[in-house]
Every structure is written in C-alpha cells, then in structure tokens.
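All residue numbers for the sequence shown refer to the working numbering, where the first residue is 3 and numbers rise by one. From the three backbone atoms N, C-alpha and C, an ideal C-beta is built for every residue, glycine too. Quick caveat: nothing in here was measured; it's all calculated off a predicted structure.
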Amino acid sequence: MTRDDDSPVFLIGYRGTGKSTVACELAARLHYQWVDADDLVEERAGKTIARIFAEEGEPAFRALEARVLEHLVNERRTVAALGGGIVLREDNRQLVRSSGTVV
3 MTRDDDSPVF
13 LIGYRGTGKS
23 TVACELAARL
33 HYQWVDADDL
43 VEERAGKTIA
53 RIFAEEGEPA
63 FRALEARVLE
73 HLVNERRTVA
83 ALGGGIVLRE
93 DNRQLVRSSG
103 TVV
C-alpha cells in the first residue's frame, strides 16, 4: 500500500473505537510511523488525561490537545490516532482537513 504524498493521516472517532489499533496497522502497511495523540498529551503534561481533567479541567486539557495537534500536522509519513473529542473545536477540524487525510 502506498500514498501519493507524505502528509499525515488522521484517524478520528469516538473514544474506545479502535483508532490506535487501526493507526498501528495502517502505519505498518504504509511504512509510516504512528502516534496516539492522547499519549503525547500525557507525555507533555507529565500526568494522565484523567488527572489533567481532575486537576485543571476540560478547557486546560483541550488547550493542550490543540497544541499537540499543531505539532502533529507538521509530521510527515505519520498516522495519528486523535483523541475522541479533538473535533469539538472548529479550529481543530479545519486544521486536520487542511493538513492531511482524515479518516
């Protein structure tokens, strides 16, 4: 399986639907790397998403999630499993649409 360009592929959907599993498989077939955006959020925050919500609230989490997305749109040859709620913000929806393939 190949693609005509090396822009990122973004997987969106409700939480727990298998985006990370599919991202790993698709990346292997495309010979791309893959990443789970929620893992990057936790890595950057130094705490779990549940803890971010509990200590800082949803707005802080969504802001961090948006910053991670801003990083991911510049990646090449990457399949990114995005968090289930990332599409709640219009800015995020526009960003993924203009930066790669959205599945």
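Three-state secondary structure (DSSP) of residue i
i, result
"residue 50", "coil"
"residue 11", "strand"
"residue 38", "strand"
"residue 23", "helix"
"residue 105", "coil"
"residue 75", "coil"
Within 8 Å, strictly: CB atoms of residue i and residue j
i, j, result
"residue 85", "residue 39", "yes"
"residue 30", "residue 83", "no"
"residue 34", "residue 64", "no"
"residue 81", "residue 28", "yes"
"residue 43", "residue 66", "yes"
Inter-residue Cα distance where the pair is residue i and residue j
i, j, result
"residue 13", "residue 95", "12 Å"
"residue 51", "residue 75", "21 Å"
"residue 93", "residue 57", "25 Å"
"residue 11", "residue 61", "26 Å"
"residue 113", "residue 41", "Any property of residue 113 remains undetermined from this structure, which presents the chain solely from 3 to 105."
Other residues of its chain near residue i: CB distance less than 7 Å, five sequence neighbours each side excluded
i, result
"residue 99", "none"
Same chain, Cβ closer than 6 Å to residue i, five either side skipped, listed in chain order
i, result
"residue 9", "102"
Cβ-based neighbour list, residue i, same chain, cut-off 8 Å, excluding 5 preceding and 5 following
i, result
"residue 97", "71, 72 and 75"
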